[in-house]
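Each step along the sequence shown adds one to the number in our numbering, with nothing skipped, and position 9 is 24. In what follows, a single structure is set out as structure tokens and then discussed.
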Amino acid sequence: MRVLLVEDEPRLAETVRRGLAAEGFVVELATNGVDGLQMGTEGEFDVVLLDIMLPQLNGYDVLRTLRTREVWTPVLMLTAKDGEYDQADAFDLGADDYLTKPFSFIVLIARLRALQRRGAPVRPTILRSGELSLDPSRRRVVVAGTEVALTPREYGLLEFLLRHKDSVVTKTEILRGVWDAHYEGADNVVEVYIGYLRRKLDGPLGRNGNGASIIETVRGAGYQLRSESTAAS
């Protein structure tokens, strides 16, 4: 197995490199994010072992750029951070696994072999509805040929609606799917963010005041993101 190790701590990098080599892995080392990105883009690797806290370019940016360039090599994030939000950020950007320091070398080997067996992931399917498209791998939203900038919450809401396209979803379902299963705040936050999305999506579609929104309010039931054929009927 060919492994790209991107790690800036010399002692840890050498320890991991030697340990992996002893297990039969072929290891190439990058000590900063810029070199790691170049090697990960141009080289042929089975797995990338990527630290988050790196000089020049952090691991999140390396991962984001790899996925933007359609490099689907499995990535295991390696970091001293252990917060759940750090893990969520890594997975949202396209990481395949996550291991915190200090770690068991036996566990590291097992995780790497598991990723090798799994192989490179298939490129995520682009979600579409008429002239609206959402690319989960790049977190990119395009409406009528124009890229639209969304906040993380707006993006999560749009992705949820697209995955339930032409189905009516309730506020409760949206809160559980986009906010948190244990969210205890007011449910009118959904209305607020639906309004934000409508303003950003309907404009490029020419629907501001000239027609029904792509996101329909179903009175007493919830919301429905309508496909082009449904909206036209």
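Cβ atoms here follow ideal geometry from the backbone N, Cα and C, with glycine treated the same way.
Alpha-carbon to alpha-carbon, Leu91 and Leu69: 15 Å
Check whether the Cβ atoms of Val205 and Ile189 lie closer than 8 Å to each other. yes
Tell me the DSSP secondary structure of Thr94 in three-state form. strand
Is it buried or exposed for Pro89, if we count other Cβ within 10 angstroms and need 16 for buried? buried
Check whether the stretch 163 to 174 and the stretch 138 to 153 are in contact - that is, three or more C-beta pairs closer than 8 Å. yes
Roughly how many whole angstroms lie between the Cα atoms of Gly48 and Asn203? 42 Å
In its own chain, which residues sit with a C-beta less than 8 Å from the C-beta of Ala28, not counting the 5 before and 5 after it? Leu20, Glu22, Leu44, Thr46
Give a yes or no on contact between the stretch 80 to 87 and the stretch 112 to 121, applying the rule of three or more CB pairs nearer than 8 Å. no
Go to Asp181, then tell me how far its beta strand (DSSP E) extends in each direction, as first and last residue. Segment: none, Asp181 is in no beta strand (DSSP E) and carries neither H nor E.
How should Gly237 be labelled, buried or exposed, when 16 other C-beta atoms within 10 angstroms of its C-beta is the threshold for buried? buried
Which residue or residues does DSSP assign as beta-bridge partners of Tyr238? Val184, Thr232
Checking the sheet assignment: what are the DSSP bridge partners for Asp112? Leu91
Is it the case that the Cβ atoms of Leu81 and Leu127 are separated by a distance below 8 Å? no
Measure the alpha-carbon distance for Arg241 versus Asp76 and round it to whole angstroms. 34 Å
To the nearest angstrom, how far is the alpha carbon of Ala125 from that of Thr56? 25 Å
Using the DSSP secondary-structure output, state which residues sit across from Leu142 in a beta bridge. Leu149
Grab the span of the beta strand (DSSP E) containing Glu24 for me, first residue to last. Glu24 -> no beta strand (DSSP E), and no H or E assigned at all.
Measure the C-alpha to C-alpha separation of Trp31 and Ile141 and round it to an integer number of angstroms. Per the sequence presented here, residue 31 reads as Val, with Trp not at that position. Going from the Cα of Val31 to the Cα of Ile141 covers about 37 Å.
Cβ-based neighbour list, Thr185, same chain, cut-off 6 Å, excluding 5 preceding and 5 following: Gly237
How long is the line joining the alpha carbons of Ala36 and Pro25, rounded to whole angstroms? 16 Å
Closest residue to Arg33 among Leu78, Val62, Phe120 (Cα-Cα distance): Phe120
Please report how far the alpha carbon of Gly235 lies from the alpha carbon of Val183, in whole angstroms. 11 Å
Assuming Val122 and Phe60 form a contact by the criterion Cβ under 8 Å, report the distance between their Cβ atoms to the nearest whole angstrom. The Cβ separation is near 20 Å, so there is no contact.
Cβ pair Val42, Leu130 closer than 8 Å: no
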